[in-house]
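Structure, as structure tokens:
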Amino acid sequence: MTYQDAIDFLFPLHRFGIKPGLDNIQRLCNSLGNPERRLPLIIHIAGTNGKGSTAAMIASISQEAGWKTGLYTSPHLLDFTERIRINGTKIPEEKVAELAGRLRDLTERAQATFFEVTTAMAFRHFADERVDVAVIETGMGGKLDATNIVLPKFTVITSIGFDHMEYLGETLGQIAIEKAGIIKPKSKTFTTARSLDALEVITRTAHDKRSPLVLVNAETEMEIAPESRIGELVVHLKTPQERYRRLKTPLWARYQTENLAAAVLIAEEMKVKPDAIRRGLAYVSVNTGHRARLEVVSRSPVTLLDVSHNPDGLRATMAAIAIYRKTFEHLYTVFGAMQDKDVSSMLRVLGDESRYVFAAAPKTERAMPPSEILRHCDDLKIICKPSGSVSEAIAAAKSIATANDLILITGSFYLAAEAMDAFKGAAEHERESWQSEKLPAQPAETERDVNAETTTDDIAAEKLSSAASAASGAAEERRENL
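With this note's numbering applied, the sequence shown covers 7 to 488.
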């Protein structure tokens, strides 16, 4: 089987839809020798919003600390292999072909879903490559999610909101029951959830499972530094163990602060040093390929690419932009969404601020036609200009916007994926420019409050030194100590 054969086999599995349950994933993993049981340290993450960013931060920090780190996330933006990474490197195409070939017959007999097969492939790849740490993001829900056969050392439940209600329930409490289903005995649980209904469920479940529970927002103090800007978040963070000054990350939206705090608390549990935490947060996009979270893809005019795909996500996005409202004149939005989303509520969030909405349909059968988005906009008295494609919608927005305006591209992972090509060169330049800036360095052993800085050249030299050390046997020692 070639890689293209594997892709041609995998993607039609979407026809089996979503099948909550663990029978298929257990059968698939059994056929691969139960690779999930060979992963030494697992961090399992669920939530409605923020789980992908939290997973990326944790993986990046772990990688900077010297651990060989597997990261499994979904969906991908441009390439299937983005879903399964080790130290930022995507799974090789030949490995995808090999694993797809091994799973094909059983998949067809069991009518396993795309996500179930992909999850089994990720577990086997991580086991074959002997990762030290595996960061696993759920697909949907938690209790019956295909990833929920792992036995994690740490469990994370991020913010909980309304999404996939046809599968997870109509109330935050019902949705929280599904998310909290990943809590296991002997696994320490961290949550950034704020809803009282959700917290009640998470607290009760953690107690019943005898899982120590950390309420991230109660255990940490966060101050956003005044030098924060669109494209860069700078924070001062206090945890029960440490005071961190001027932590930087390109995940600049204010809602990322609680995801950042959760990642830092887990890093502390893993005995990661402060300098590795700093680098992991600063290089999260470079290390993990985590993109399109209010990513700056152009500076003239400022253009943001974002994957928010439900009302809560868009509210957080608009709140992040509102803080910098005085820095731009008008907001223009390129919007596209899937037909199963609460598009009316999403547009209502945009309506107060966005001068125009440029409706677009990504290239997927699930996409809502621009004419349907126009109908929703008309009902809400929002000016909407439907376009034939994502690229046409972006071009229309750019033709109207001035250098003093802001363009937001949002509503769907599929939309973000198609938009990336239009801004590929500009986005790479933006990331390289940001990465070239100086970063705070490791604190002295006797100094817990750090303000010193080091250059990225120093960091590169340190990485080379760490790689040489690993080659001489340090990786084996780390694995034994997990």
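By construction, the Cβ of each residue, glycine as well, lies at the ideal position given by its N, Cα and C atoms.
- Query: Should the stretch 314 to 324 be called in touch with the stretch 333 to 353, which here means at least 3 C-beta pairs below 8 angstroms?
  - Reply: With a cut-off of 8 angstroms, the stretch 333 to 353 and the stretch 314 to 324 count as touching, because enough Cβ pairs lie within range.
- Query: Looking at the structure shown, is M127 part of a helix, part of a strand, or coil, going by DSSP?
  - Reply: In the three-state DSSP reduction, M127 falls in the helix class (H, G or I).
- Using the Cα positions of H20 and I327, report the straight-line distance between them to the nearest angstrom. If I take the Cα positions, the gap works out to 35 angstroms.
- For A71, count neighbouring Cβ atoms within 10 angstroms of its own Cβ and tell me buried if that reaches 16, exposed if not. Within a 10 Å sphere around the beta-carbon of A71 sit 16 or more other beta-carbons, which makes this residue buried.
- Message: What does DSSP give as the partner residue(s) for A373 in the beta ladder?
- Response: Residue pairing of A373 in beta bridges, as defined by DSSP: M344.
- Query: Buried or exposed: which applies to P490, given that a residue is buried once 16 or more other Cβ atoms fall within 10 Å of its Cβ?
  - Reply: Residue 490 falls outside the range modelled here, since the chain spans only 7 to 488, and no answer is possible.
- Cα-Cα, which of F334, L320, G286, A288 is closest to R305? Of the listed residues, the one whose Cα sits closest to R305 is F334.
- Task: Have a look at Q262 and A212 and give me their C-alpha separation to the nearest angstrom.
- Result: A straight-line Cα-Cα distance of about 24 angstroms links Q262 and A212.
- Message: Taking the beta strand (DSSP E) that E227 belongs to, which residues open and close that run?
- Response: Judged by DSSP secondary structure, E227 falls within the beta strand (DSSP E) whose first and last residues are 227 to 230.
- Task: Could you have a look at G147 and say whether DSSP puts it in helix, strand or coil?
- Result: Coil.
- Under three-state DSSP, which class holds R136? If DSSP states are grouped into helix, strand and coil, R136 belongs with coil.
- H336 in three-state terms, based on DSSP: Note: H336 maps to coil in three-state DSSP.
- Return helix, strand or coil for A489, following the three-state DSSP convention. The structure shown does not extend to residue 489, since the chain is modelled only from 7 to 488, so the question has no answer here.
- Below 9 angstroms between beta carbons: does that hold for A1 and I142? Nothing can be reported for residue 1: it is not among the residues displayed for the chain, which extend from 7 to 488.
- What does a CB cutoff of less than 7 angstroms around T60 pick up in its chain, not counting 5 residues either side in sequence? Cβ within range, chain order: I51, V162, T164, N265, A268, A269.
- Hey, I155 and E42: beta-carbon distance below 9 angstroms or not? Yes; because the gap between Cβ atoms is below 9 angstroms, this pair is in contact.
- Query: Do you know whose CA, among L239, K190, R235, lies nearest K215's CA?
  - Reply: For K215, the closest of L239, K190, R235 by C-alpha to C-alpha distance is K190.
- Per DSSP, E264 is paired with what? BP columns for E264 are empty, so no partner.
- In whole angstroms, what separates the C-alpha of F364 from that of S418? Between F364 and S418, the C-alpha separation is close to 14 angstroms.
- Query: Residues in its own chain within less than 8 angstroms of S80 by CB, not counting five upstream and five downstream?
  - Reply: Excluding sequence positions up to five before and after S80, its CB lies within less than 8 angstroms of the CB of R89, F121, T124, E143, G145, all in the same chain and listed in chain order.
- Message: Is there a Cβ of chain D sitting closer than 9 angstroms to that of I90, yes or no?
- Response: Absent from the structure is chain D; it holds one protein chain and no more.
- Message: With distance defined between alpha-carbon atoms, name the residue in R361, L386, L356, S395 nearest to M374.
- Response: Ranked by Cα distance from M374, the first of R361, L386, L356, S395 is S395.
- Measure the CB-CB distance between A422 and L83 and report whether it falls below 9 angstroms. Yes. Within cutoff.
- Query: Quick one: what's got a C-beta closer than 6 angstroms to H320's C-beta in the same chain, skipping five residues either side?
  - Reply: In the sequence on display, residue 320 carries Leu and not His. For L320, same chain residues with a beta-carbon under 6 angstroms away, outside a window of 5 residues either side, are S314, M352, V355 in chain order.
- Task: Mind reading off the beta-carbon distance from T226 to K244? Whole number of angstroms is fine, and I expect it under 8 angstroms.
- Result: With a contact defined as Cβ atoms closer than 8 angstroms, T226 and K244 qualify at about 7 angstroms.
- Item | Enclosing alpha helix (DSSP H) for Y9 [first to last residue] | DSSP places Y9 inside the alpha helix (DSSP H), whose first and last residues are 9 to 16.
- Query: Which two residues bound the contiguous alpha helix (DSSP H) that contains P317?
  - Reply: In the DSSP assignment, P317 falls within the unbroken alpha helix (DSSP H) covering 317 to 328.
- Could you tell me the distance, in whole angstroms, from the CA atom of L414 to the CA atom of R115? Rounded to whole angstroms, L414 to R115 spans 44 angstroms at the Cα level.
- Along the chain, which unbroken stretches of the alpha helix (DSSP H) at least 4 residues long are found entirely within the stretch 263 to 313? Segments of the alpha helix (DSSP H) lying fully in the stretch 263 to 313: 280 to 288, 290 to 294.
- May I ask you to report which of helix, strand or coil DSSP gives I24? Residue state, collapsed to three classes: coil.
- Helix, strand or coil at P218 [DSSP, three-state]: Coil, per DSSP.
- Query: Would the beta-carbon of A224 fall within 9 angstroms of that of V207?
  - Reply: 9 angstroms or more divides the Cβ of A224 from the Cβ of V207.
- Query: In terms of alpha-carbon separation, which member of Y78, F86, G147 lies closest to R130?
  - Reply: Taking each of Y78, F86, G147 in turn and checking the Cα distance to R130, the smallest one comes out for Y78.
- With a threshold of 16 other CB atoms inside 10 Å of the CB of N293, please say whether the residue is buried or exposed. Of the residues assessed, N293 falls on the buried side of the cut-off, its CB having 16 or more other CB atoms within 10 angstroms.
- Task: Using a threshold of 9 angstroms, state whether the C-beta atoms of V489 and L257 are closer than that.
- Result: Outside the displayed range of the chain (7 to 488) lies residue 489, so it cannot be described from this structure.
- Message: Judging by CA-CA distance, which residue of Y338, V308, I24, I64 is the nearest neighbour of K277?
- Response: Minimum Cα distance to K277 is reached at I64.
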